[in-house]
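Student: Numbering (this note's numbering), first residue to last: 1 to 88.
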């Protein structure tokens, strides 16, 4: 997955991490400058579902705009494993 927060924010006129951080705080998502920096400028290792809800509400977008699938990055062993697994 590719994290697309910065572009999603820019599409809505939010150009600075601090501006988004303030809007998130107004919705109850108070986060540190370090966590905001990780969300804004990188690939966060994990994002809580509740945080995704707030991000989507503030930006007026869906999760599909924040998380972009990259199926080409899925390893061959993992893909082969799913092809040969029995249906549940």
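No residue lacks a Cβ here, since even glycine has one placed at the ideal position from N, Cα and C.
1. Give the straight-line distance between the Cα atoms of residue 67 and residue 48, rounded to the nearest whole angstrom.
2. Curious, which full-length beta strand (DSSP E) runs of at least 3 residues does the region 40–76 contain?
3. What did DSSP end up calling residue 2 once you bin it into helix, strand or coil?
4. Taking Cβ positions, are residue 63 and residue 24 nearer each other than 7 Å?
5. Looking at the unbroken alpha helix (DSSP H) that takes in residue 23, where does it start and where does it end?
6. With 16 as the cutoff for other CB atoms within 10 Å, does residue 20 come out buried or exposed?
7. For residue 7, count neighbouring Cβ atoms within 10 angstroms of its own Cβ and tell me buried if that reaches 16, exposed if not.
8. Exposed or buried, which one is residue 10 when buried takes at least 16 other CB atoms within 10 Å?
Tutor: Concretely, from the data shown:
1. What you label residue 67 is simply residue 67 of the chain shown in a count that begins at 1. What you label residue 48 is simply residue 48 of the chain shown in a count that begins at 1. Roughly 13 Å between the two C-alpha positions.
2. Under the rule that a run must span 3 or more residues, no beta strand (DSSP E) segment is found entirely inside the region 40–76.
3. Locating residue 2 in the chain shown gives position 2, counting from the first residue. In the structure shown, residue 2 sits in a strand (DSSP, three-state: E or B).
4. To locate residue 63, count along the chain shown from 1; it is residue 63. To locate residue 24, count along the chain shown from 1; it is residue 24. In terms of Cβ geometry, residue 63 and residue 24 do not form a close pair [threshold 7 Å].
5. The count along the chain shown starts at 1 and reaches residue 23 at position 23. Per DSSP, the unbroken alpha helix (DSSP H) holding residue 23 starts and ends at 17–26.
6. As a first step, residue 20 must be located in the chain shown, where it is residue number 20. Looking at its Cβ environment, which holds 16 or more other Cβ atoms inside 10 Å, residue 20 is buried.
7. The residue you call residue 7 lines up with position 7 of the chain shown. For residue 7, the number of other beta carbons within 10 angstroms of its own is below 16, and it is reported as exposed.
8. Counted from its first residue, the chain shown places residue 10 at position 10. Exposed, because fewer than 16 other Cβ atoms sit within 10 Å of the Cβ of residue 10.
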